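Structure record follows, encoded as structure tokens.
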Amino acid sequence: MKALVAVKRVIDYNVKVRVKADGTGVETANVKMSMNPFDEIAVEEAVRLKEAGVVTEIVAVSAGVQACQETLRTALAIGADRAILVETDAELQPLAVAKLLKALCEKESPQLVILGKQAIDDDANQTGQMLAALLGWPQATFASKVKVEDGKATVTREVDGGLETIALKLPAVVTTDLRLNEPRYVTLPNIMKAKKKSLENLKPDALGVDVKPRLATLKVVEPPKRKAGVKVPDAKALVEKLRNEAKVI
Amino acid sequence: MNTAEETQILDAIGKWLERDVRPKARELEKKDEYPEQMVEQMKAFGLFGATIPQEYGGLGLSSATYAKIVAQISEVWMSLTGIFNSHLIMAAAVARYGTRAQKEKFLPRFASGEVRGGLALTEPDCGTDLQAIRTRAVKQGGHYVVNGTKTWISNGIKGSCFALLVKTDPEAKPRHKGMTMFLAEKGPGFRVSKKLEKLGYKGIDSAELIFEDFRIPAENLVGGEEGKGFHHAIGGLELGRINVAARGVGVANAALKDAVAYSQVRKTFGKPICEHQAIQLKLGEMATRCEAARLLVENAARAYDAGERCDMEAGMAKYFASEAALENSIEAVRIHGGYGYSTEFNVERYYRDAPLMCIGEGTNEMQRIIIARQLIARNPA
Ligand SMILES: Cc1cc2nc3c(=O)[nH]c(=O)nc-3n(C[C@H](O)[C@H](O)[C@H](O)COP(=O)(O)OP(=O)(O)OC[C@H]3O[C@@H](n4cnc5c(N)ncnc54)[C@H](O)[C@@H]3O)c2cc1C
Numbered sequence: 579m580k581a582l583v584a585v586k587r588v589i590d591y592n593v594k595v596r597v598k599a600d601g602t603g604v605e606t607a608n609v610k611m612s613m614n615p616f617d618e619i620a621v622e623e624a625v626r627l628k629e630a631g632v633v634t635e636i637v638a639v640s641a642g643v644q645a646c647q648e649t650l651r652t653a654l655a656i657g658a659d660r661a662i663l664v665e666t667d668a669e670l671q672p673l674a675v676a677k678l679l680k681a682l683c684e685k686e687s688p689q690l691v692i693l694g695k696q697a698i699d700d701d702a703n704q705t706g707q708m709l710a711a712l713l714g715w716p717q718a719t720f721a722s723k724v725k726v727e728d729g730k731a732t733v734t735r736e737v738d739g740g741l742e743t744i745a746l747k748l749p750a751v752v753t754t755d756l757r758l759n760e761p762r763y764v765t766l767p768n769i770m771k772a773k774k775k776s777l778e779n780l781k782p783d784a785l786g787v788d789v790k791p792r793l794a795t796l797k798v799v800e801p802p803k804r805k806a807g808v809k810v811p812d813a814k815a816l817v818e819k820l821r822n823e824a825k826v827i
Numbered sequence: 007m008n009t010a011e012e013t014q015i016l017d018a019i020g021k022w023l024e025r026d027v028r029p030k031a032r033e034l035e036k037k038d039e040y041p042e043q044m045v046e047q048m049k050a051f052g053l054f055g056a057t058i059p060q061e062y063g064g065l066g067l068s069s070a071t072y073a074k075i076v077a078q079i080s081e082v083w084m085s086l087t088g089i090f091n092s093h094l095i096m097a098a099a100v101a102r103y104g105t106r107a108q109k110e111k112f113l114p115r116f117a118s119g120e121v122r123g124g125l126a127l128t129e130p131d132c133g134t135d136l137q138a139i140r141t142r143a144v145k146q147g148g149h150y151v152v153n154g155t156k157t158w159i160s161n162g163i164k165g166s167c168f169a170l171l172v173k174t175d176p177e178a179k180p181r182h183k184g185m186t187m188f189l190a191e192k193g194p195g196f197r198v199s200k201k202l203e204k205l206g207y208k209g210i211d212s213a214e215l216i217f218e219d220f221r222i223p224a225e226n227l228v229g230g231e232e233g234k235g236f237h238h239a240i241g242g243l244e245l246g247r248i249n250v251a252a253r254g255v256g257v258a259n260a261a262l263k264d265a266v267a268y269s270q271v272r273k274t275f276g277k278p279i280c281e282h283q284a285i286q287l288k289l290g291e292m293a294t295r296c297e298a299a300r301l302l303v304e305n306a307a308r309a310y311d312a313g314e315r316c317d318m319e320a321g322m323a324k325y326f327a328s329e330a331a332l333e334n335s336i337e338a339v340r341i342h343g344g345y346g347y348s349t350e351f352n353v354e355r356y357y358r359d360a361p362l363m364c365i366g367e368g369t370n371e372m373q374r375i376i377i378a379r380q381l382i383a384r385n386p387a
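Those protein sequences? They're chains X and W, same order as listed.
Here the numbering used here is used: the first residue of the first sequence is 579, the next is one more, and so on.
Here the numbering used here is used: the first residue of the second sequence is 7, the next is one more, and so on.
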């Protein structure tokens, strides 16, 4: 069984993001980039399914600028078998990525597509859902446990009220939540081995997908600075402030 | 190795350092406890084979990339790098000077970390003056019988194989012609007499080793020929010095980073101390030392990787970077005030760890002498 895993190159989670002076976006020049952490969990899950003998081949895919190759190399070093980059300098929005992934699914016919539930840059939380809709496949988002057996997947989802377990027919789309697994370390020997794995380069045109943005960004601004808090001498003063100033009790 | 790959390697190690090393280093160091779990992780990372050629199961990294790894790890806990540093110098001696059979027998086991060890050169009576060693090996049939004492041997307790420098001909003139290097695997007649207690560089074992009628098969004589041992030992020193210099860069950086962070949160007289000029002067000097030390290491590593003579460059890097670590660590202690003297903070550890880099792998007195001699040799009047 083949699994397709989508990975996105994002600003590293340790970086303090700065808004560009002209408000058109955030500063990305000379900023450390990494694989979106939820996507790392997705790759790890696919590798575990392969180690368990469920998945036989893992194809990692990414869409974006040429440097996304580095992100794919990381996926290969974690354990993906081969990689495909859909290379474009265009600004990619979730719908465009979902369309590209749909085209790749038609080309590759995976039984399982695993994606991060969202990317930590735009936090859209849309691509997996849109992909499932475009393909007409079942979806299980926010997965915290995935079991694949006899042509179906049983997925435990993190929902507002707690956990929900659902069964899906394959092929299906799964998006990962934080607690699904803890990704392994990429080791140096595996980084060296990843160099020898195949990395295919495609253009959106070759997949017949128009990636033109549908949404326009009007302005990007820093979140408002939080005002310093105040110390209250005792509980009585706290209650007094909550009642009369904050008016919440 | 392209830069993308190097970044990938440093990223991978950086993640491990933040997740598994930084949170545990202080406690292990306080107890002087060997970091077993981290050693297992370093094995999986391939660090014990970092500079061993790929054909023997290593990663075959350049010394430039390797130095960056060493600096990065040293920034979090310098001791960890000692566990694979001298191990890799031993491996380099085999890779450079060993026979084909020795390479096949030892290098793959060194690379996987299955067999780990280090260098056994120093003796109780001599370190700098290596040619004065007294450990003796006498040939008896297919074996050599070794008697003597080695001290300060890193990995002496946890390691099982050492590049052992001995005299096979104590009467030889010049003295180095009577020196020979063996690969000594622990066995009857080879024992650890004691663990050495030390100021810093905790966690890693430093030991005194005693050889009493210890028999080494002749096939373990590096290169198969007596009288080349001094040459073999000296041949590893350039890489060794780049290593130690890289550790200095790591510790100097750690001290700087802690000082930069602390000086922004500690307030006196109504403002953060980083706004007082006296502290700014320190930070300015510390940052400049870090940068200069890093560039010296890069320069020496580049020369080493290009196969150029680099004893002067490696000596400069080792001397400057280790002094930078020592100076930055005491400045970081001062910037932290009373807290700098507390074991609750890391800066006192940097201050205890730094002097080792000024002493090991050729003292800094010797480095300056080497630099001066090369200066004269390269610039005859
Ligand atoms: C923690 C630690 C780990 C070590 N690990 C190892 C190891 O794994 N393997 C190993 O073989 N050794 C190891 N060593 C030993 C180390 O390499 C030696 O301590 C070092 O080379 C200095 O030798 P020494 O201690 O004999 O000092 P000495 O040679 O006695 O030097 C004493 C002083 O005299 C100075 N001096 C000596 N000769 C001259 C000269 N000609 N001109 C000017 N000044 C001079 C020195 O610079 C120094 O200041 C380790 C040491 C330490 C502290």
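Backbone N, C-alpha and C fix where the C-beta goes; we use that ideal spot for every residue, glycine too.
Nothing here was measured: the structure is a model prediction, and the numbers come from that model.
Do residue j and residue i come within 9 Å of each other at the CB atom, strictly closer than that value?
i                      : j                      : result
residue 589 of chain X : residue 611 of chain X : yes
residue 671 of chain X : residue 792 of chain X : yes
residue 704 of chain X : residue 673 of chain X : yes
residue 664 of chain X : residue 642 of chain X : yes
residue 186 of chain W : residue 225 of chain W : no
residue 155 of chain W : residue 191 of chain W : no
residue 39 of chain W  : residue 209 of chain W : yes
residue 222 of chain W : residue 188 of chain W : yes
residue 243 of chain W : residue 320 of chain W : yes
residue 656 of chain X : residue 618 of chain X : yes
residue 595 of chain X : residue 621 of chain X : no
residue 18 of chain W  : residue 769 of chain X : yes
residue 165 of chain W : residue 197 of chain W : no
residue 257 of chain W : residue 367 of chain W : no
residue 56 of chain W  : residue 252 of chain W : no
residue 668 of chain X : residue 613 of chain X : no
residue 174 of chain W : residue 144 of chain W : yes
residue 101 of chain W : residue 59 of chain W  : yes
residue 246 of chain W : residue 327 of chain W : no
Classify residue i: buried if its beta carbon has 16 or more other beta carbons within 10 angstroms, exposed otherwise.
i                      : result
residue 385 of chain W : exposed
residue 799 of chain X : exposed
residue 219 of chain W : exposed
residue 117 of chain W : buried
residue 634 of chain X : exposed
residue 269 of chain W : buried
residue 43 of chain W  : exposed
residue 721 of chain X : buried
residue 774 of chain X : exposed
residue 359 of chain W : buried
residue 89 of chain W  : buried
Tell me, to the nearest whole angstrom, how far the beta carbon of residue i is from that of residue j; I am working on the premise that it is less than 8 Å.
i                      : j                      : result
residue 363 of chain W : residue 250 of chain W : 5 Å
residue 163 of chain W : residue 213 of chain W : 5 Å
residue 307 of chain W : residue 69 of chain W  : 5 Å
residue 712 of chain X : residue 730 of chain X : Not confirmed; about 21 Å, so no contact.
residue 63 of chain W  : residue 114 of chain W : 4 Å
residue 32 of chain W  : residue 352 of chain W : 7 Å
residue 724 of chain X : residue 737 of chain X : Not confirmed; about 15 Å, so no contact.
Could you list which residues in chain X have their beta carbon closer than 7 Å to that of residue i, in chain order?
i                     : result
residue 22 of chain W : 763
residue 50 of chain W : 765
Can you list the residues of chain X that residue i reaches, using a CB-CB cut of under 8 Å?
i                     : result
residue 65 of chain W : 766, 767 and 770
residue 14 of chain W : 648, 651, 652, 655, 764 and 769
Can you pull the chain W neighbours of residue i, defined as C-beta to C-beta under 7 Å?
i                      : result
residue 778 of chain X : The contacting residues do not exist; residue 778 of chain X stays about 18 Å from chain W at best.
Report the neighbours of residue i on chain W: residues whose CB is nearer than 8 Å to its CB, in chain order.
i                      : result
residue 612 of chain X : 17
For residue i, go through chain X and note every residue whose CB falls closer than 9 Å to its CB, in chain order.
i                      : result
residue 119 of chain W : Residues of chain X passing the Cβ test: none, with the nearest at roughly 11 Å.
residue 10 of chain W  : 645, 647, 648 and 651
Step through the CB atoms of chain C and report whether any lies within less than 9 Å of the CB of residue i.
i                      : result
residue 117 of chain W : Going by chain labels, chain C is absent from the structure shown, which instead holds the protein chains X and W.
Within the segment 128 to 204 of chain W, note down every full beta strand (DSSP E) run reaching 3 residues or more, in order along the chain. 142 to 146, 149 to 160, 167 to 173, 185 to 191 and 196 to 201
Residue ranges of each beta strand (DSSP E) run of no fewer than 3 residues wholly in the segment 94 to 129 of chain W, ordered along the chain? You should have 123 to 126.
Start-end ranges of the alpha helix (DSSP H) lying completely within the segment 583 to 655 of chain X, minimum 4 residues: 615 to 629
I'd like the ranges of any beta strand (DSSP E) spanning at least 3 consecutive residues and lying wholly in the segment 691 to 729 of chain X. 717 to 727
Quick check for students: name the residue ranges of the alpha helix (DSSP H) that lie wholly in the segment 220 to 285 of chain W, counting only runs of 4 or more. Taking 4 residues as the shortest admissible run, the segment 220 to 285 of chain W contains the following complete alpha helix (DSSP H) segments, listed from N- to C-terminal end: 235 to 241 and 243 to 271.
Of all the alpha helix (DSSP H) runs that stay within the bounds of the segment 14 to 102 of chain W, which reach a length of 4 or more residues? 28 to 37, 42 to 51 and 69 to 83
Which full runs of the alpha helix (DSSP H) of 4+ residues lie inside the segment 305 to 362 of chain W, going along the chain? 317 to 341
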